[in-house]
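The sequence shown runs 484 to 630 under this note's numbering.
Taking it in order: structure first as structure tokens, then the write-up.
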Amino acid sequence: MEDKFKKTEATLYNYKSLAVKIKNIEIDIDDLENDITVKAISYDEKSSPTNAFNSVVENEVVKREETIKQQIDVLKSKLKYNQNLKIKIDGALEQLTTDEYKLVDLRYFGRDKRTWISVGQELGFDKDYCTKIRNKIINKLSTLIYP
Numbered sequence: 484m485e486d487k488f489k490k491t492e493a494t495l496y497n498y499k500s501l502a503v504k505i506k507n508i509e510i511d512i513d514d515l516e517n518d519i520t521v522k523a524i525s526y527d528e529k530s531s532p533t534n535a536f537n538s539v540v541e542n543e544v545v546k547r548e549e550t551i552k553q554q555i556d557v558l559k560s561k562l563k564y565n566q567n568l569k570i571k572i573d574g575a576l577e578q579l580t581t582d583e584y585k586l587v588d589l590r591y592f593g594r595d596k597r598t599w600i601s602v603g604q605e606l607g608f609d610k611d612y613c614t615k616i617r618n619k620i621i622n623k624l625s626t627l628i629y630p
């Protein structure tokens, strides 16, 4: 349970960068799909002639295409995971009350991590109450995000 709690908190701290991460993965996929570079030909010594109907360039292109396809598949998998995570977080955040969402926004979504005293002052609660409802909020979110 503690691991789920910490994982949910880490997810909330990283939520703002999730959209950027998704966009960057999309850019990387696009770059790989549009990559038309071919490695230079090497003039290695041939051991014996063969009857194969392919060349060093053809072999290099095929090998490169396979590598690029594997890289694209890995990136698409990461993209899908991050998109689904963002959808889960958005859905979970919609289940929070206004005060609960404000607490999450102030504590986890700001540029700088605010203290509980600062968050409490902003919301009109004391520090102890903020940490108490934080536990309730994180437990609620963790069951929705990581069932």
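Here a beta-carbon is modelled for each residue, glycine too, at the ideal position from N, C-alpha and C.
Just so you know, the alpha carbons of residue 622 and residue 584 end up roughly 14 Å apart. Around the C-beta of residue 502, fewer than 16 other C-beta atoms lie within 10 Å, and the residue is accordingly described as exposed.
Of all alpha-carbon atoms in 564, 515 and 575, the one lying nearest the alpha-carbon of residue 553 is that of 515.
In this structure, DSSP gives residue 598 a state outside helix and strand, which the three-state scheme calls coil. Within the same chain, Cβ atoms closer than 6 Å to the Cβ of residue 571 are found at 628, the five residues on either side in sequence being excluded. Under the 10 Å beta carbon count, residue 602 is surrounded by 16 or more other beta carbons and is classified as buried. The beta-carbon distance between residue 625 and residue 499, rounded to whole angstroms, is 19 Å. This is too long to meet the 8 Å contact definition.
Residue 565 sits close to residue 504, with the two beta carbons spaced by under 8 Å.
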